[in-house]
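The next block holds one structure in the form of structure tokens; read it before the comments.
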Amino acid sequence: MQTLIRLATQDDVDTLFAIRTSVVQNHLSVEQMADLGITPQVLADSIRAAPCVWIAEVDGQPAAFAMVDQAEGEVFAMFVRPAFENLGLGRQLMAVAEAALFEHHDRLFLITDGRDGIRANGFYQRLGWSVVGPVDGDDVRYEKSRAQ
Numbered sequence: 003m004q005t006l007i008r009l010a011t012q013d014d015v016d017t018l019f020a021i022r023t024s025v026v027q028n029h030l031s032v033e034q035m036a037d038l039g040i041t042p043q044v045l046a047d048s049i050r051a052a053p054c055v056w057i058a059e060v061d062g063q064p065a066a067f068a069m070v071d072q073a074e075g076e077v078f079a080m081f082v083r084p085a086f087e088n089l090g091l092g093r094q095l096m097a098v099a100e101a102a103l104f105e106h107h108d109r110l111f112l113i114t115d116g117r118d119g120i121r122a123n124g125f126y127q128r129l130g131w132s133v134v135g136p137v138d139g140d141d142v143r144y145e146k147s148r149a150q
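Going by our numbering, 49 is the number at position 47 of the sequence shown; the sequence numbering is gapless.
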């Protein structure tokens, strides 16, 4: 199995949506994302504006991605197709995303579903992220500081 982490391009927008809509936990349809303002055009514009999305490929097949908001210091998205879970792709992508953000920020944040049973919470905690409090609905805010 050969793994490659690469920057996404505008040509990857459909692939990013395919990965995002394939997940089981925290699933959103294309229509639900559009209602939140996440559209192919918005994603393409973000990619064009700054290097902000990385794709993990396994044997040439796109399997996962991470997206950051450089200006805010936020890990905005991190998703792995179910067939590629438990291969370390999320950990690899988070390392790349965090490194990119730590170039400009001392403290990073992400927001995710904080309910019991959501696997992402244990994943982020194992990577050194800490819950700092609730946000809208069931979501929680995690933060991670640069190692001194």
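Cβ atoms here follow ideal geometry from the backbone N, Cα and C, with glycine treated the same way.
Counting C-beta pairs with one atom in each stretch, the region 29–41 and the region 114–129 have fewer than three that are closer than 8 Å, which means they do not touch. With distances taken between CA atoms, residue 81 lies nearest to 64 out of 64, 74, 5, 145. Residue 58 is bridged by DSSP to 7, 66.
The beta carbon of residue 134 sits closer than 6 Å to those of 143, 145, all from its chain and outside the five residues before and after it, given in chain order. Within the region 100–150, the complete beta strand (DSSP E) segments at least 3 residues long are 109–115, 132–136, 141–147, listed from N- to C-terminus. Bridge pairing for residue 79: 69 [DSSP].
Going by DSSP, residue 43 is part of the alpha helix (DSSP H) stretching over 42–51. Between the C-alpha atoms of residue 54 and residue 76 there is a straight-line separation of about 10 Å.
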